[in-house]
Amino acid sequence: MSTPVEVELKFRVNDTAAGLRAVTSDVLGDFRAASPIRSRQIEDRYVDTADGAMARAGFAARLRQTPDETLITVKSAVRRSTGRVHRRDEVESPASRSLVPAEWPSSAARSLVLELAGDATLIERVTIRQLRTQRDFADGDTVVELSLDQVDVVAHGDILERFVELEAELKSGDEGKLDRLSAILAADPAFDDAIESKLERAIAAVDRAPEASDRDRKPARRSPSKTDGSSTSDRSSRAKQTSSAPASRNDAASSTNAARSGIVASSDGRVGSSQDRDGGPSRSASIDITSRSAEAASVPPLVVGKSPGVTADDSVGEAGRKVLRFQLARMLAAEAGTREGRDPEELHHMRVATRRMRAAWRVFGDGFRPGRTKRHRKRLREVASRLGAVRDLDVLIEAAEKHREALPAAERRALEPLMASWHRARDDARTLLLRELDSDAYLRWVEEFRVFVQTDGSGALPIISTEPHRIRDTAPQRIWAAYEHVRAYEPVLRWADVPTLHDLRIAAKWLRYTMEFVREALGPDVAPLIERVTALQDHVGHLHDADVAASMGRSFLVENVGGLSELQTAAIGRYLVASEKDVLRLRRSVGVPWRAAAGLAFRRRLGRVTAAL
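Structure, rendered in structure tokens:
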């Protein structure tokens with residue numbers, strides 16, 4: 011029968027970041043981006059008869075499952091190659107998940123399978139799962155679909171091998187133009203010629219796997235060493251070793267525009283945030299979408315609503331991705347204002363967004379593969395640290411300025427050496443922050459993290475249907491575990507020192523975030539509970555701020571003994587004492603917000619809220 015011919019370039023990828031840069035680029039030689047970037051999860055089950063009738067005839071059959079449909083694709087196993095251009099006969103038609111071809115809709119592909127396999131029931135040889143990121147490129151009338159495939163080879167529930175492949179498939183036009191594109195891609199050391207097909211590599215991985223019974227094999231979700239990306243082939247090992255290597259400065263420079271062009275908007279072009287101690291007053295950051303450069307097309311824009319939108323039926327990993335996407339949008343919305351430095355609240359909002367993203371990794375992190383997400387968590391920690399160093403000094407200076415407002419002029423002037431010291435420290439911290447935000451590492455991270463938070467399934471652990479994996483299954487346990495950490499302070503609260511109360515603040519923050527991240531799934535009744543936990547967190551937070559002010563004032567006096575006038579020493583000493591009085595007052599009154607968040611009424615209400623899931 012007459013069949014279409016698949017014409018494509020195929021490369022093995024040993025640096026995933028380089029592959030993403032290729033797919034998200036606006037220009038590749040004479041080819042220019044001709045479509046938005048698309049990402050999707052694909053499951054391919056390669057099937058044959060028990061005696062391998064189709065393979066003997068020179069064909070491979072693939073049942074492809076996507077969120078929208080099931081397709082049967084039959085390809086010739088023999089590739090005809092000219093240079094790096096590969097050609098194979100291919101026919102594709104709708105099908106079903108059934109392994110009985112007669113049950114599929116009538117089509118050319120079904121007819122070919124029946125001709126080759128007869129009436130035999132098919133069996134699954136191997137499964138290949140792919141996270142595919144793709145984009146169309148055009149040079150005149152010639153259109154090529156460029157795809158980056160992050161591949162898992164699966165058999166008997168085990169992930170046998172992982173690898174990454176870049177494909178450029180000719181959709182229409184002049185085949186000769188593929189040669190020019192091939193030369194551009196082959197010049198990148200991150201790409202090697204693909205000698206074998208995905209199926210050939212997968213079958214080789216199955217053949218290498220030890221012949222163990224199913225009960226001796228650990229499911230992929232329970233095998234951290236495997237889910238972190240270990241591979242059984244030398245080429246895959248090299249990919250693992252080099253995938254985390256930093257790109258060159260030239261590569262980073264080419265990514266700068268994409269990283270800076272982070273359009274962040276909801277359906278009405280705004281990013282919203284709730285009112286709280288960490289997030290500041292309720293606000294919306296308006297983003298002018300049309301004013302951004304066309305370079306923003308290299309990565310899809312972040313489009314978020316007024317909340318993350320986590321539902322009870324979301325998996326843990328995808329709920330975490332929604333929260334990370336929402337908070338990344340808030341971070342990027344505040345970055346310009348943070349760089350300008352005119353409004354401390356912009357830096358505050360950016361710091362809160364990074365803090366909440368770090369919290370999201372703690373709450374939802376077990377839904378992701380640690381090896382695939384480690385670089386994101388590490389860079390996020392560094393960015394949050396730089397933001398925190400500036401923000402903590404902003405809080406310190408703001409409190410001292412409020413104290414000074416009520417003092418006589420002479421007393422205000424006497425506090426100037428202390429204030430000048432803190433302003434210098436703040437300027438130094440801001441210099442380090444701007445150096446971080448301007449670094450190649452930060453720009454690459456923003457680009458890669460934006461792709462990650464917008465790509466369903468990226469870095470996620472495989473879901474085992476019989477294990478708890480949805481928000482409705484797992485959120486109650488997470489919330490109650492966080493609550494237990496708060497209530498554990500009850501026996502020592504009366505005698506707790508400042509460091510212990512600071513630890514209580516952290517525990518309250520984790521409880522609050524754990525509820526806030528899934529508040530839509532929990533329903534409106536959770537709002538008063540979040541408010542009570544927030545009040546407790548705020549109270550011990552103010553206590554901590556006052557203690558830091560007293561400690562730093564004391565250190566300044568010790569370090570500058572002999573260099574201050576008597577009036578200056580006395581004024582700074584009085585500020586130190588005032589801060590210590592605030593610490594004492596807040597310690598004595600902590601029981602009020604504590605009882606509201608740790609009493610029987612709170613627990614009963616929390617029980618009703620979590621039971622509703």
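Counting the sequence shown from 1 gives a position; our numbering is that position plus 10.
Note that the Cβ used here is the ideal one computed from N, Cα and C, for glycine as well.
Computed from a predicted model, the values in this text were never measured in an experiment.
Paired residues, beta bridge with residue i - DSSP
i: T80; result: Q75
i: K20; result: E177
i: F201; result: V23
i: E426; result: For E426, which the question treats as bridged, DSSP gives no partner whatsoever.
i: D168; result: A165
i: F670; result: The chain is shown only over 11 to 623; residue 670 falls outside these bounds and no answer can be derived.
i: L38; result: F41
i: R480; result: S325
Chain-order list of residues whose beta-carbon lies under 6 Å from that of residue i (same chain, five-residue window excluded)
i: V95; result: L188
i: H386; result: F459
i: Q337; result: A363, R366 and M367
i: D535; result: V619
i: D557; result: V508 and V593
i: L170; result: V163, A215 and A219
i: D513; result: none
i: D53; result: Just to set this straight, residue 53 is Glu in the shown sequence, not Asp. Only Q75 and R139 meet the Cβ criterion.
i: K85; result: A70, R98 and E100
i: W455; result: R389
i: P115; result: P104
i: L111; result: It should be pointed out that residue 111 corresponds to Pro in this sequence rather than to Leu. The residues are R120, V123 and L124.
Residue i: first and last residue of the uninterrupted beta strand (DSSP E) it sits in
i: P104; result: V95 to P104
i: S468; result: It is not in any beta strand (DSSP E) - S468 carries neither H nor E in the DSSP assignment.
i: V133; result: A quick correction: the sequence has Ile, not Val, at residue 133. From DSSP, the beta strand (DSSP E) with I133 extends over I133 to D149.
i: E185; result: It is not in any beta strand (DSSP E) - E185 carries neither H nor E in the DSSP assignment.
i: Y499; result: Counting along the chain, Y499 falls outside any beta strand (DSSP E), and DSSP gives it neither H nor E.
i: L158; result: T152 to A165
i: A212; result: No beta strand (DSSP E) holds A212; the alpha helix (DSSP H) holding it covers K208 to R218.
i: P107; result: Per the sequence presented here, residue 107 reads as Arg, with Pro not at that position. Unbroken run through R107: none, as it is neither H nor E.
Beta-carbon contacts of residue i that lie in its chain and below 8 Å, excluding the five residues immediately before and after
i: A410; result: L425, L428, M429, W432, A559 and Y585
i: L616; result: I489, W490, Y493 and L539
i: D146; result: A43, A44, S45, V153, V154, E155, L156 and K181
i: R542; result: P603, A606, A607 and F612
i: G377; result: S325, V326, G327, E328, A329, G330, A470, L471 and H479
i: A63; result: L126, A127, G128 and A130
Residues of its chain near residue i, where Cβ-Cβ distance is below 7 Å and the 5 sequence neighbours each way are ignored
i: S468; result: L141 and F462
i: A148; result: F41, R42 and A44
i: T484; result: V326 and P478
i: A67; result: L126
i: T510; result: V502
Cβ neighbour criterion (16 or more within 10 Å) applied to residue i
i: P478; result: exposed
i: W505; result: exposed
i: S565; result: exposed
i: R361; result: buried
i: L2; result: Given a span of 11 to 623 for the chain in the structure shown, any question on residue 2 remains unanswerable.
i: S254; result: Confidence at S254 is low in this model, with a pLDDT of 34, below 50, so its placement is unreliable and the value that follows should be read with caution. That one is exposed.
i: L594; result: exposed
i: L610; result: exposed
i: K388; result: exposed
i: S108; result: exposed
i: D555; result: buried
i: D129; result: exposed
i: R434; result: exposed
i: D159; result: buried
i: A60; result: exposed
i: D224; result: Bear in mind that a pLDDT of 40 at D224, under 50, signals an unreliable position, so the model cannot answer this.
Enclosing alpha helix (DSSP H) for residue i [first to last residue]
i: L623; result: Taken as a continuous stretch (DSSP letters only), L623 belongs to no alpha helix (DSSP H), as it is neither H nor E.
i: V362; result: P354 to F374
i: A339; result: V326 to E350
i: E53; result: Here E53 belongs to no alpha helix (DSSP H); instead the beta strand (DSSP E) covers R48 to D58.
i: A588; result: E576 to R598
Whole-Å CB distance - residue i paired with residue j, under 8 Å assumed
i: E177; j: S157; result: 5 Å
i: T620; j: P486; result: 4 Å
i: L2; j: D58; result: Because the chain spans 11 through 623 in this model, residue 2 falls outside it and cannot be assessed.
i: D466; j: S49; result: 7 Å
i: S106; j: T143; result: Rounded, the Cβ-Cβ distance is 27 Å, inconsistent with contact.
i: A607; j: V496; result: 7 Å
i: E328; j: R396; result: About 29 Å separates the two Cβ atoms, so there is no contact after all.
i: V400; j: L357; result: 6 Å
i: L567; j: G583; result: 7 Å
i: I407; j: R382; result: At roughly 40 Å, the Cβ-Cβ gap does not stay under 8 Å, so I407 and R382 are not in contact.
Residue i at chain C interface by Cβ criterion, 8 Å
i: L141; result: In the structure shown, chain C does not exist; there is a single protein chain.
Distance cut-off 7 Å: residue i Cβ against heavy atoms of the ligand GDP
i: N24; result: This structure does not include the ligand GDP; it has no bound ligands of any sort.
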